[in-house]
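Peer 1: Before we start, here is the structure in question, set down as structure tokens.
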Amino acid sequence: MTEEPASNQPPTPTARSGDSAKWIEWMYDDLHKMASSYMRNEQNTVSLSPTVLIHELYMRLPAEHNEELSRTHFFALAATTMRRALVDQARFRNRKKRGGDYSRQALVDWEAITPADGDHVLAVDEALNELASLDERQAKIVEMRFFAGMTVGEVAEHLHVSKRTVEADWTMAKAWLRRWFDDEGNGS
Amino acid sequence: MTADLYQKAKAIFAELLEADDNQRATKLAELRQKSPELEQEVRSLLDYHTAQSLIAPPSTPKIRTRSTLSTTYHTSRSLKWLAGPLRGLLVALPLFLLSLLFGYGVDHQIRNHLKSSITANLNQRIDLHVAELRQWETRQIGRAVQWGEHPQLVERIEKLVESVRAISPEEPQLRQQLADASCCSELSSQLSKLAGRPVKFAVWDRRMLTLVDWNQRQQPDLLGAQVTAEGANMLAPVLKGQAKLFLPHDSFAITDGFEAEKGPAPLSILVPVFSPHSGAVLAALMLRGYGLEEEYSAIFGGWSTISKGEVYMLSSGGALLTPSRYATRLTELSLATSKTDRRQRILVRDPGVDLLAGQHAAEGAAAWLPTLLARQVTSGDNGVYVDGYRNYVGQAVVGAWRWLPDHNVGIALEEDYDSAFAIATTARNAIIALGGLFTLALVGFSAAVAYGDRRQRLTSISEVGPYQIQELLGEGGMGRVYLAEHALLCRQSAIKVLTKGDNDLSVVSRFEREVQLASQLTHPNTISIFDFGRSRDGVFYYAMEYINGAHLGQLIEFGGPLEPGRCIHVLRQLCRALLEAHHAGVVHRDVKPQNIMVCNRGGEPDFVKLFDYGLVKAFAPGVSHNSSQTKVVVGTPRFMAPERLNSPWLADPRVDVYSVGALAYYLLTAQLPPLVTSGEEIEHEQPGVETLDLPPEVVDFGGLLSVCMSVEPASRPSNMTSVLRELDGLAKKFPWTRDDSELWWSKNEEKLLRLVRGKRKKLKADGDRIWKKQTPT
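Those sequence lines, one after another, are chains A and B. If you're matching positions, the first sequence starts at 1 in the numbering used here and goes up one per residue. If you're matching positions, the second sequence starts at 1001 in the numbering used here and goes up one per residue.
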């Protein structure tokens, strides 16, 4: 972790195409490391939430980059990357369970879920994949709110929709997720 | 549930969110008429929206049935706590409690034994003291009685008694008569002769009138005087013919008006004087001052020197009659003293605190109560108490006591509680120390065993199964690869040892699966698996052929980009290996430079070996394995097909096609392929040949690379055969012969292998192995 990889510099402004990929690549390494120590819940690491981790990353971004990449866009990208990093990490760390067979009895309520728990992350990931097949925007909203802690306003700004729409989507997605966890928890 | 239905439900959901209960009911009823399915969905979502917390009942965890290997592992997993860091604690805690219990029992036993032995000892000693005192008393009385029977002495006293018999005590004549009589000096010389030293004496007749007193010249008033009430009590038994010894008393005045001389409290013997004619008692003779007090204190002194504790006498009033052991500190201790006694005797009372330790009693001495011993002994009790009580200076003591009713005094023996139980205290400390040491040793031992066990298994493996470990070759996500030699075959092999999560069922089964699938492949360009097993130390390993060469990352680092012809040569071998795998129904999923070795062996230069099927995944139903559900994403994003980032469990042969394309790009340009994602934001940003930025001499590869590396799997060649065909076509343009390979290897082999060996040395044993950057350098 001490070595500073060459890719750990924010991408320099180039042609618009491929920007997102570069950003994700830049973030992935850092978020992966963060997710790793975050999930390990090490004594010496301050218990950070993914949101804090992303904010920290954003702070490290040189000011001149703020123009080419808006804050909300950065956070939206980071949400996806964080989700991926956490899911990867959770799968690796998930010692007791094999593959997708994480135990679902641990899931009590969607509201009680934290991204710190590998099982939770895996379950949320699976649920979101399923939700995305029904309504992509809702899944995206949940991802942004859950993994990057974005506010409804920020999400709305990023998606170019009204706050009301985001709120309605968020409410429905929450209900849907609750039901999903309930169904899963009841053993399917 | 389809997306279409969900979208409809969404619209209604949003509408009903703001509606009140009545409106909702109406709307839902309407909806049921039109589409029951939609109504059910919306109702269900609304229910879940309203419910604030829904607690799902716990379901039974899913248990997989596994192959024998994993099943046995399952069993050992239930004992996993024994290997964990808690092991020391879990073993030590019950043992600690057990030793605590044992120690308590032993301590209790020791104390009980000691108590009974202290009780016996104290009883024995106090009885000995009493016996000694009695013996001395008897001897002294016997001596005095003898003197009282001396004929001359009796004759002289009889004469005096007869001479005053008729004179009544009121007549002044009596005193005159007594003073004139030469009796006193005669008696004095007589007794001095008998005792060998001056004797103090006095005589009382049957009327209890003082007839003679040794000091009558100084105190003539005493002659003919009446006795005090106490004196009468003392004289009465003597006048009945009984000799008696009186121990130092609170008061000592037989005759009214007598004043005792200064000095220690006097000790006296009273003997009757019998008439030689009638045998009746003529008078009572008191004897004292011939060394009785000295003898008496010598007895106590002797006891105090042989005893660790204190022996003392106490009166019925609870006052100390003998000198205190703490005589030198009495003034500073401010003990309770008798107010009525002119000698200011110490009262045997409990101060409530340890005065010797410098503590100060809460209440004044007047409020103190008698000590336990004083209470018992003054009530006429004989006994012993070994559970500890405070003595008159507040020290914890054990004690025994006897009441001497004839003298109306108690005799007490007290000893320090701490010194009496010193052995028990020592024993207790020893038990505690031993128990502590035992526990510590146990914890240390088990920790050392656990640590050593793990260390030995992880770092200093020298033997795995029949293989002798020689050198560490590399380190992967799940384990280490060692160069090893089969003990019997003497064949060099590479041994992959599972070091990560060997307690973890999923890791073990992944390892197991890797071997099973890889061993089915027989293509010469795929590494061959020799052996799979678990060593006696419980380490999982598999053996494969050892390739003395370099992986593609090292090759590029060594010589820069490959010539196009050579690149095709390498890729064709790789594709053939993958082709066999795909035909067998498995996808490698982790094709990257580090997993492809190039070597010169058996006369084959530039021979390619594909290995590390760690992420291999069966995709055809025929080779389905239970663990194919594994969703672990491990891999290098640069060589990973973009769809795998989003769906890591994807098992499509086209995943490998992408990797081959990326690898080709890397080999041709010595540059890392661009990272491609398939997230929704970037779906328009497909990397084309223009973003690949190929050098002009290999621009012909552009077509192949861009199709292989296209984001959409559907746009890629559907199988390895097509890729091979493309490569065959390019090979015509970029010829590469066996001679070219041989020339390269003859020139560079030594240098390349030196580089590889150098890398191995630098291989760090520690660090974040799983997530360390795997980008080729």
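A virtual CB, placed ideally from N, CA and C, is assigned to each residue, including glycine. All values derive from a computational prediction rather than experimental measurement.
Please determine, among N1121/B, F1734/B, I1346/B, the residue with the shortest C-alpha to C-alpha distance to L1562/B.
Peer 2: For the residues N1121/B, F1734/B, I1346/B, the minimum Cα distance to L1562/B belongs to F1734/B.
Peer 1: Which term fits N1600/B, buried or exposed, when burial requires 16 or more other beta carbons within 10 angstroms of its beta carbon?
Peer 2: It is buried - the Cβ of N1600/B has at least 16 other Cβ atoms within 10 Å.
Peer 1: Distance check for V152/A and E1712/B, CA to CA, integer angstroms please.
Peer 2: C-alpha separation (whole angstroms): 33 Å.
Peer 1: Just to confirm, are A1731/B and I1568/B a CB contact at a threshold of 7 Å?
Peer 2: Taking 7 Å as the Cβ cut-off, A1731/B and I1568/B qualify as a contacting pair.
Peer 1: Of all Cβ atoms in chain A, is any one closer than 7 Å to the Cβ of A1420/B?
Peer 2: Chain A, which has no Cβ nearer than 7 Å to the Cβ of A1420/B, makes this no.
Peer 1: So which of L1114/B, A1336/B, E1293/B has the shortest CA-CA distance to G1318/B?
Peer 2: Out of L1114/B, A1336/B, E1293/B, A1336/B has the C-alpha closest to the C-alpha of G1318/B.
Peer 1: For the region 1230 to 1239 of chain B and the region 1170 to 1180 of chain B, state whether three or more C-beta atom pairs, one from each stretch, are separated by less than 8 Å.
Peer 2: No contact exists between the region 1230 to 1239 of chain B and the region 1170 to 1180 of chain B.
Peer 1: Who are the neighbours of A156/A on chain B, taking C-beta pairs under 8 Å?
Peer 2: Simply none; closest approach about 15 Å.
Peer 1: With distance defined between alpha-carbon atoms, name the residue in E1149/B, V1598/B, D1612/B nearest to D1606/B.
Peer 2: The candidate whose alpha carbon is nearest that of D1606/B is V1598/B.
Peer 1: Mind pulling the chain B residues with CB within less than 9 Å of M172/A?
Peer 2: Correct list: A1009, K1010, F1013, A1014, L1017, L1045, H1049.
Peer 1: Hey, F1701/B and A1664/B are a contact pair by Cβ (cut 8 Å); roughly how many whole angstroms apart?
Peer 2: At roughly 7 Å, the Cβ-Cβ gap stays under 8 Å, so F1701/B and A1664/B are in contact.
Peer 1: Quick check on V1497/B: does DSSP put it in helix, strand or coil?
Peer 2: It is a strand residue.
Peer 1: Give, in chain order, every residue of the region 1024 to 1035 of chain B whose Cβ lies closer than 9 Å to some Cβ of chain A.
Peer 2: Cβ contacts with chain A: none found.
Peer 1: Going straight from the alpha carbon of D1004/B to that of L1574/B, what length do you get?
Peer 2: Distance between the alpha carbons of D1004/B and L1574/B is about 45 Å.
Peer 1: Considering only their Cβ atoms, is the gap separating A1584/B from Q1516/B smaller than 7 Å?
Peer 2: No, the pair does not count as a contact, with Cβ atoms beyond the cut-off.
Peer 1: Which residues of chain A have a Cβ atom closer than 8 Å to the Cβ of A1003/B, listed in chain order?
Peer 2: In chain order: S133, L134, D135.
Peer 1: With 7 Å as the threshold, decide whether the Cβ of T45/A is near any Cβ in chain B.
Peer 2: Since pLDDT at T45/A reaches only 37, below the 50 mark, its modelled position is unreliable, and no value is offered.
Peer 1: Looking at C-alpha atoms only, which residue of V1409/B, F1511/B, G1533/B is the closest neighbour of G1465/B?
Peer 2: G1465/B has its Cα closest to that of G1533/B, out of V1409/B, F1511/B, G1533/B.
Peer 1: State yes or no: is the beta carbon of Y1613/B nearer than 7 Å to at least one beta carbon in chain A?
Peer 2: It does not; no Cβ of chain A falls within 7 Å.
Peer 1: A127/A touches chain B at which residues, Cβ-Cβ below 7 Å?
Peer 2: Simply none; closest approach about 13 Å.
Peer 1: Taking 7 Å as the CB-CB limit, is A123/A close to chain B?
Peer 2: So no, A123/A is outside the interface.
Peer 1: Whose Cβ in chain B lies nearer than 8 Å to the Cβ of A139/A?
Peer 2: Per Cβ cutoff of 8 Å: no residues; A139/A is ~10 Å from chain B at best.
Peer 1: So, helix, strand or coil for S1244/B, using DSSP?
Peer 2: Looking at the sequence shown, residue 1244/B is not Ser but Lys. Strand.
Peer 1: Take E1041/B and list the residues in its own chain whose beta-carbon comes closer than 8 Å to its own, dropping the five residues that flank it on each side.
Peer 2: Excluding sequence neighbours, E1041/B sits near M1001, L1005, Y1006, A1009.
Peer 1: Would you kindly work out how many angstroms separate the C-alpha atoms of V1271/B and V1203/B, rounded to a whole number?
Peer 2: V1271/B and V1203/B: Cα-Cα distance of roughly 10 Å.
Peer 1: Measure the beta-carbon distance from L1320/B to V1348/B and round it to whole angstroms, keeping in mind my assumption that it falls under 8 Å.
Peer 2: The pair is a contact, with the Cβ atoms about 6 Å apart (cut-off 8 Å).
Peer 1: Check the Cβ-Cβ distances between Y1006/B and every residue of chain A, and say whether any is below 7 Å.
Peer 2: At least one chain A Cβ lies under 7 Å of Y1006/B.
Peer 1: Can you give me the C-alpha to C-alpha distance between F1013/B and D1612/B, rounded to a whole angstrom?
Peer 2: Approximately 51 Å between the Cα atoms of the pair.
Peer 1: For E1186/B, which residues in the same chain have their Cβ closer than 7 Å to its Cβ, ignoring the five residues on either side in sequence?
Peer 2: Only R1156 meet the Cβ criterion.
Peer 1: Give the single residue among R1491/B, E1414/B, Q1554/B, I1527/B whose Cα lies nearest to the Cα of H1588/B.
Peer 2: The candidate whose alpha carbon is nearest that of H1588/B is I1527/B.
Peer 1: What does the Cβ neighbour count give for Y1048/B, buried or exposed, with the cut at 16 atoms within 10 Å?
Peer 2: The residue is buried, with at least 16 neighbouring Cβ atoms inside 10 Å.
Peer 1: Are the C-beta of A175/A and some C-beta of chain B separated by less than 7 Å?
Peer 2: Yes, because at least one Cβ of chain B sits closer than 7 Å to the Cβ of A175/A.
Peer 1: If we cut at 7 Å on Cβ distances, does R83/A have a partner in chain B?
Peer 2: No, its Cβ sits nowhere closer than 7 Å to a Cβ of chain B.
Peer 1: Would A1664/B count as contacting chain C if we go by Cβ distances under 7 Å?
Peer 2: Looking for chain C here will not work: the only protein chains present are A and B.
Peer 1: Can you tell me which of the three DSSP states Q1470/B falls into?
Peer 2: Q1470/B falls in the strand class under three-state DSSP.
Peer 1: Across the region 1124 to 1139 of chain B and the region 1402 to 1411 of chain B, are there enough close Cβ pairs to call them in contact, namely three or more that are closer than 8 Å?
Peer 2: Yes: at least three Cβ pairs fall under 8 Å.
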